[in-house]
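I have placed the structure first, in the form of structure tokens, so that the comments after it can refer back to it.
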């Protein structure tokens, strides 16, 4: 209790998200990165054309989400590399 007792958490394995498990497979990691790159290029092209001005804010939000996923993937990969 309150850090004074024996540690019970050591027996449990570390929790991994589905994405973290997928990233451990190099082929799946490359596939995810390629998919995100393709989708971001499509979104950027749609934003450049400016045809759908109403959808610009939504496209920007989705683009920021994809960029955040790329950052998370980079951190997960570096974390996995440090553990090895």
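In the working numbering, the protein residues as written are 791 to 874. Cβ coordinates follow ideal geometry from the N, Cα and C atoms, glycine included. Quick caveat: nothing in here was measured; it's all calculated off a predicted structure.
{"Item": "Inter-stretch contact at 8 angstroms, needing at least 3 Cβ pairs: the region 818-838 / the region 855-872", "Value": "yes"}
{"Item": "Span separating the alpha-carbon of residue 867 from that of residue 814", "Value": "8 angstroms"}
{"Item": "Completely contained alpha helix (DSSP H) runs for the region 797-852, where each covers 4 or more residues", "Value": "808-814 and 816-839"}
{"Item": "Residue from 863, 851, 870 and 836 with nearest C-alpha to residue 824", "Value": "863"}
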